[in-house]
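The structure appears right after this line, and notes come after that.
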Amino acid sequence: MSAPRGLRLAPHLVVASVGYVLFAYAAVPGVLMDELGVGFAAFGLLMSAALGAFVVAQAPTSRLLDRRGATELLLYGTLVHAVLAVALDFTATFGTLLAVRFLWGLTGGFVLSVGATQISRLATGGTATREQGVYGGMLTLGGAIGFLAAPTLVTVPVGLNALGGVLALPGLALLWRHRSTDATSPTTDPAATDSVRRVLTHPTVVVASLCYVAVIASYITLSTFITAYYADIGVVGPLNAAVLLMATLGRAFGGTIVWSWPVGDEGLLAGSTAVGAVGFGVLALGSGSALLLALPLVAMVAVSLPFGATYALATRETDREGTAIATMVAAGNVAALVVPALTGALRDAMGSYTGGFLVLAALNLVALVSVAVLVVPRWSPTEASV
102 MSAPRGLRLA
112 PHLVVASVGY
122 VLFAYAAVPG
132 VLMDELGVGF
142 AAFGLLMSAA
152 LGAFVVAQAP
162 TSRLLDRRGA
172 TELLLYGTLV
182 HAVLAVALDF
192 TATFGTLLAV
202 RFLWGLTGGF
212 VLSVGATQIS
222 RLATGGTATR
232 EQGVYGGMLT
242 LGGAIGFLAA
252 PTLVTVPVGL
262 NALGGVLALP
272 GLALLWRHRS
282 TDATSPTTDP
292 AATDSVRRVL
302 THPTVVVASL
312 CYVAVIASYI
322 TLSTFITAYY
332 ADIGVVGPLN
342 AAVLLMATLG
352 RAFGGTIVWS
362 WPVGDEGLLA
372 GSTAVGAVGF
382 GVLALGSGSA
392 LLLALPLVAM
402 VAVSLPFGAT
412 YALATRETDR
422 EGTAIATMVA
432 AGNVAALVVP
442 ALTGALRDAM
452 GSYTGGFLVL
462 AALNLVALVS
472 VAVLVVPRWS
482 PTEASV
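What follows is the structure in structure tokens.
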């Protein structure tokens with residue numbers, strides 16, 4: 102018997118509100134820096150605090166998911182997320198704002214992994230990949246809404262972050278309605294499940310994590326520098342919102358590909374990371390004005406397509422879905438913290454984005470090789486003698 106529609110819909114609605122709060126500040130840096138009296142370096146800490154908290158939250162999240170139902174945890178996490186989103190608009194100093202932003206990041210990282218785990222416990226096979234792709238698309242859709250709404254909301258005393266709390270209410274209502282469900286409880290007794298070490302070292306979890314590192318590092322780095330990159334070649338416009346909308350469509354469509362066509366998670370991951378590696382490699386060479394204009398957008402779509410496939414692959418062969426997802430999310434968000442900063446440093450040192458594009462090409466190449474190692478049969482002496 103299939104799960105109730107509201108139970109399946111709730112994580113998607115909730116994660117959109119998380120995406121909104123995560124990206125809303127990035128839409129209006131000039132206004133907020135003037136208001137807070139800080140520079141670019143300090144302002145950048147607002148994103149670093151959130152992403153760093155996402156990483157810190159994963160260990161306790163995985164332990165809770167081994168013991169409790171995902172719906173119950175998502176209900177409590179969403180409630181705290183909504184309260185903290187509103188609280189962000191009432192902070193009086195930059196230090197207080199940074200502290201509350203970190204607390205919100207702990208909750209946001211918790212909600213992200215719990216929501217993905219709820220989906221993995223309700224769906225299997227191609228359906229799981231499709232649902233996880235839509236889930237990732239809703240995260241970036243929330244971010245796109247932030248980029249479009251923030252310029253207006255930042256002019257009112259309360260509203261920039263509080264809208265994220267309001268956006269969480271429909272999902273919160275659905276979670277409350279299904280709060281007593283057993284459909285998203287752990288599938289086995291904690292004592293009978295795989296050990297944490299076995300989950301961390303399982304080939305599918307390792308490969309999914311390497312792919313997620315490439316996907317998230319590419320996505321966050323492109324989102325961070327896309328406006329400056331195009332400004333350098335004379336192109337201006339609401340590019341951040343456009344990029345997030347492209348990522349939304351790419352993630353949702355990627356999940357549908359696996360669900361509808363005989364591609365498979367590994368096939369989608371291999372194809373997408375191959376396109377990403379080649380695209381970023383060509384960008385590093387810096388030849389051809391048409392390529393320089395089009396390839397960042399092509400690369401963004403390519404690295405967005407396999408979002409759902411990474412989640413589906415990570416949870417495919419373990420009964421500790423929460424631990425597998427938390428491991429992958431932690432790895433990806435460490436990369437999201439490090440790679441944009443490294444790209445910025447290389448941009449300052451080299452005067453171009455060549456170094457940053459080479460880093461992204463290398464990450465996608467590593468992901469591609471890891472998928473190949475996973476899917477290509479290894480010849481054993483017995484097989485060789487047949």
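For reference, each letter of the sequence shown is one residue, going 102 to 487 in my numbering.
Using N, Cα and C, we set each Cβ at its ideal position, and we do this for glycine too.
Just so it is clear, the structure is predicted and the values come from calculations on it, not from any experiment.
Item                                                                                                                                                                  : Value
Among G247, H113, V122, which has the Cα closest to the Cα of A217?                                                                                                   : H113
Considering only their Cβ atoms, is the gap separating F155 from V439 smaller than 8 Å?                                                                               : no
If you draw a straight line from the C-alpha of G423 to the C-alpha of L275, how long is it?                                                                          : 21 Å
Would you tell me roughly how many angstroms separate the C-alpha atoms of A427 and A415, rounded to the nearest one?                                                 : 10 Å
Tell me the residue span of the alpha helix (DSSP H) that contains I317.                                                                                              : 304-333
If we ignore side chains and look at the alpha-carbon of each, how far apart do G351 and L204 end up?                                                                 : 30 Å
For L264, which residues from the same chain have a beta carbon less than 7 Å from its beta carbon, with the 5 sequence-adjacent residues on both sides left out?     : Y121, A250, L254
For T483, count the other beta carbons within 10 Å of its own beta carbon; 16 or more makes it buried, fewer makes it exposed. Which is it?                           : In this prediction, T483 has a pLDDT of 46, which is less than 50 and means its spatial position is unreliable; what the coordinates show is noted afterwards. T483 comes out exposed.
Applying the 10 Å Cβ sphere with the 16-neighbour rule, what's the burial state of E367?                                                                              : buried
Ordered along the chain, which non-local residues of its own chain (more than five positions away) have a Cβ less than 8 Å from that of L147?                         : Y126, L198, L199, R202
I need the straight-line Cα distance from V300 to A142, nearest angstrom please.                                                                                      : 37 Å
Out of curiosity, what's the CA-to-CA distance linking N465 and V316?                                                                                                 : 8 Å
Here's the rule: buried if 16 or more other CB atoms are within 10 angstroms of the residue's CB, otherwise exposed. What is E232?                                    : buried
Can you find the residues in the same chain that come closer than 6 Å, C-beta to C-beta, to T489, ignoring five residues on each side of it along the sequence?       : In the structure as shown, the chain starts at 102 and stops at 487, and residue 489 therefore has no counterpart that could be examined.
Take G138 and list the residues in its own chain whose beta-carbon comes closer than 8 Å to its own, dropping the five residues that flank it on each side.           : F195
Do the CB positions of V314 and G433 come within less than 8 Å of each other?                                                                                         : yes
Report the rounded CA-to-CA distance for W277 versus P304, giving the unit in angstroms.                                                                              : 37 Å
In the DSSP assignment, find the unbroken alpha helix (DSSP H) run with N434 in it and report its ends.                                                               : 422-451
Among the candidates G338, T228, G382, whose CA atom is the shortest distance from the CA of R417?                                                                    : T228
Assess contact between the region 451-470 and the region 362-381, defined as three or more Cβ pairs (one per stretch) separated by less than 8 Å. Is contact present? : yes
Could you check whether S214 and T162 sit closer than 8 Å to each other, using their CB atoms as the reference points?                                                : yes
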